[in-house]
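Undergrad: Below you will find the structure I want to go over with you.
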Amino acid sequence: MSILVKNISKSYGDLIALKNLTLEVKEGELFGLIGPDGAGKTSLFRILTTLLIADEGTATVGDFDVISEYKEIRNSVGYMPGQFSLYQDLTVEENLNFFATIFGTTVEENYDLIKDIYIQIEPFKNRRAGKLSGGMKQKLALCCALIHNPKVLFLDEPTTGVDPVSRKEFWEMLKRLQQKGITILVSTPYMDEAALCDRIALIQHGKILDIESPQRIVENFPKKIFNVKASNMYQLIKSLKSYENNYSVYPFGEFIHYTDKRENFSKEELKLYLESQNLSEITIESTHPTIEDVFMELTKE
Amino acid sequence: MKQDNVIIAEELSKTFGDFTAVNAISFKVKKGEIFGFLGANGAGKTTAMKMLIGISYPSSGKANVVGYDVFTQAESIKKNIGYMSQKFALYDDLTVKENIVFFGGIYGLKRSVIKVKSEALINELGLQEVANNLVSSLPLGWKQKIAFSVALLHDPKIIFLDEPTGGVDPITRRQFWEMIYKTAHNGTTVFVTTHYMDEAEYCDRVSIMVDGKIEALDTPKKLKEQFDADTMNDVFLKLARG
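Residue numbers (our numbering), protein chains in the order written: chain A, 60 to 360; chain B, -16 to 225.
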């Protein structure tokens, strides 16, 4: 099942959550919505899962319209909201049975789909959901969203606040689900996860900045980026920012990502300038842009 | 020398029933240092931090924070540290100004001092136009920057930041780290937890907790050498996946 969003807008009073947003997710695709808090990701999820009505525009999931055919959509999609909607005072097993029953199915019928994930939390099947760790809640919520064998999976920030190890494991699970033919729309504020999607939409303030494959998005980056390093990071940031030809200066792990205003930028000239600022151990090397570089370029004011 | 270390923890432990959340951790944090406190969910970071900020008694071991003992002088610790959590930082239904005055009052600052500091804070963050708006109307990134500044109002010797940048857009995230650099540069120690591994690289030293123990502690550079990894993300994955 594919997803089609056409000219969707949504406001809450004065606050514009989505502004004339259009996108298409192809059948079987793993599609990422990448943007910070407040970008409008959750509003879009709620419209597509028929829990919220847009002010303008149309949307279909499969061939079903989100308003006139909401019942068909609800039966064929799985939704994992940002705050995992589990019943805190039911056990792991009870939650799973509950969600299966609601959709008129049984855990046994679709066990194959969740098996890989469920065996990791099975030792705690008698524990109440409220007493689970964040990582375990996340896995249980995913099982509950899958138990009726949906064709489309909506995952709203499934990895927010989750440590890098659990995040990696979660994405490995998503890849396996995609191989089973499920279309997946997933949102995340972690830009490094974007690289794991087939295509991504960068979104901020309710608008799409770009839609492309992660590879194409970084290829289209208009500037040359340099990794700059020196003995004192704080001083280095200050010096680069006061360098008259600087176009952007962003800390990136152990380096600063630097871009220059000019076409014919000279590393030697920058090095001399930094030395004149009393910096030492200076290195300047060209590097490849990341999705985060692209996002910052598109949101630069 | 004792005054150079703002945190000294020795064999610090916390148990809940038969579960050991923090298992005999020992480490020191120097004055003016940016110290990254990393670990997987459930590794014991929050429990350890609660002991250090004086809101949870250790089960055993010793710890001294800014010269005060966590067992006997917890109240003095609270007065001399700043703390900012991701979940709760500011009152949404108070204005920016009201929040500043409120927290200034809690820390016992005089009205005249609060007035001067609140004006300086508002100017520095460029908040003149929204100073009388409710905090709930501001974007998350702004809230986090204000919360950070508010936690520094009383000039604490150390500030504890619990996942301060979760969900914040990438540009604001970097502006936030520039504030951290500046704070450390001015001599205030920064103790920070994060799930962004690029941020771990910004720290002077990093500790990584696994199952209640500190399994690694060094500069990012040395940790990468030690674990033969290109990035802190790889270090983390190697350690926490075992």
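Glycine residues also receive a C-beta, built at the ideal position from the N, C-alpha and C atoms.
#1: Just mark Q147/A as buried or exposed, buried being the case when its beta carbon has 16 or more other beta carbons within 10 Å.
#2: Taking Cβ positions only, does F362/A come closer than 9 angstroms to chain B?
#3: Should F311/A be flagged as near chain B, meaning a C-beta pair shorter than 9 angstroms?
#4: Below 8 angstroms on the Cβ atoms is my guess for S95/B versus K80/B; work out the distance and round it to an integer in Å.
#5: Work out the CA separation of N134/A and C203/A for me, nearest whole Å.
#6: Tell me, please, whether the region 313 to 324 of chain A touches the region -5 to 5 of chain B by the rule of three or more beta-carbon pairs shorter than 8 angstroms.
#7: Taking the continuous beta strand (DSSP E) assigned at K(-3)/B, which residues delimit it?
#8: Spatial neighbours of K100/A within its chain, please: C-beta separation below 8 angstroms, excluding the five flanking residues on both sides.
#9: Taking S272/A as part of the alpha helix (DSSP H), name the residues at either end of that continuous run.
#10: Going straight from the alpha carbon of D41/A to that of L155/A, what length do you get?
#11: Taking Cβ-Cβ distances below 8 angstroms as the criterion, which residues of the region 151 to 178 of chain B are in contact with chain A?
#12: Chain A partners of E184/B, CB-CB under 7 angstroms?
#13: Tell me whether K283/A counts as near the ligand ADP, meaning its Cβ is closer than 8 angstroms to at least one heavy atom of that ligand.
#14: Under three-state DSSP, which class holds S127/A?
#15: How would you label F71/B, buried or exposed, when you count the other beta carbons within 10 angstroms and need 16 or more for buried?
#16: Pick from I17/B, I60/B, G44/B: whose alpha carbon is nearest that of I38/B?
#17: Would DSSP call S95/B helix, strand or coil?
#18: Might you give, ordered along the chain, the residues of its own chain that have their beta carbon closer than 6 angstroms to the beta carbon of K(-15)/B, omitting 5 neighbours on each side?
#19: Pick out the complete alpha helix (DSSP H) segments inside the region -3 to 41 of chain B, 4 residues or longer, and give them in chain order.
#20: Under the three-state reduction of DSSP, which class applies to R186/A: helix, strand or coil?
#21: Measuring alpha carbon to alpha carbon, tell me which of F314/A, L110/A, R258/A ends up nearest L89/A.
#22: Rank N291/A, L191/A, S61/A by C-alpha distance to the C-alpha of N337/A and give the top, closest one.
#23: May I have the straight-line CA-CA distance separating I112/A from L199/A, to the nearest angstrom?
#24: Name the two residues that bound the continuous alpha helix (DSSP H) containing V218/B.
#25: Return the residue from the list I97/B, S68/B, V189/B, Q158/B that minimises the CA-CA distance to P147/B.
#26: Are any of the Cβ atoms in chain A nearer than 9 angstroms to that of N226/B?
#27: Count the other C-beta atoms from every protein chain shown that fall within 10 angstroms of the C-beta of L212/A, then say buried if there are 16 or more, exposed otherwise.
#28: Name the chain D residues that come within less than 8 angstroms of M292/A, Cβ to Cβ?
#29: Mind checking Y71/A: buried by the 16 CB within 10 Å criterion, or exposed?
#30: Can you tell me whether DSSP reads P348/A as helix, strand or coil?
#31: If you run the structure through DSSP and keep just helix, strand and coil, what is R235/A?
#32: Check the DSSP bridge columns for H316/A and list the partner residues they point to.
#33: Kindly indicate if chain A contains any beta-carbon less than 9 angstroms away from that of M32/B.
#34: Going by other Cβ atoms of all chains shown within 10 Å of its Cβ, with 16 needed for buried, is T160/A buried or exposed?
#35: Any beta carbon of chain B sitting closer than 9 angstroms to that of P273/A?
#36: Which residues of chain A have a Cβ atom closer than 9 angstroms to the Cβ of G298/B, listed in chain order?
TA: Judging by the given coordinates:
#1: exposed
#2: Outside the displayed range of chain A (60 to 360) lies residue 362/A, so it cannot be described from this structure.
#3: yes
#4: Actually they are not in contact, since the Cβ atoms of S95/B and K80/B sit about 16 angstroms apart, beyond 8 angstroms.
#5: 14 angstroms
#6: no
#7: -12 to -1
#8: L92, G94, D215, E216, S246, I262
#9: Per DSSP, S272/A belongs to no alpha helix (DSSP H) and is neither H nor E.
#10: Coverage of chain A is limited to positions 60 through 360, which leaves residue 41/A absent and any answer about it impossible.
#11: V151, D152, P153, I154, T155, R157, W160, E161, Y164, K165, A167, H168, H178
#12: Near E184/B (Cβ distances below 7 angstroms), the residues of chain A are G312, E313.
#13: What this structure holds is no ligand at all, so the ligand ADP is not there to describe.
#14: coil
#15: exposed
#16: I60/B
#17: helix
#18: Note that K(-15)/B scores 47 on pLDDT, short of 50, meaning its location in the model is unreliable; the coordinates nonetheless yield the value given after this. Counting only Cβ-Cβ distances below 6 angstroms, and skipping sequence neighbours, we find nothing.
#19: 28 to 35
#20: In the structure shown, R186/A sits in coil (DSSP, three-state: anything other than H, G, I, E or B).
#21: Considering only alpha carbons, the answer is R258/A.
#22: Among N291/A, L191/A, S61/A, the Cα nearest to that of N337/A is on N291/A.
#23: Approximately 28 angstroms, taken between the alpha carbons.
#24: For V218/B, the enclosing alpha helix (DSSP H) has its first and last residue at 215 to 224.
#25: S68/B
#26: Past the edges of chain B, shown from -16 to 225, lies residue 226/B, and the structure says nothing about it.
#27: buried
#28: Of the protein chains in the structure, A and B, none is chain D.
#29: exposed
#30: coil
#31: helix
#32: N286/A, Y309/A
#33: no
#34: exposed
#35: Taking Cβ atoms only, chain B never reaches closer than 9 angstroms to P273/A, which makes this a no.
#36: Past the boundaries of the shown model lies residue 298/B; chain B is included only from -16 to 225, so the question cannot be answered.
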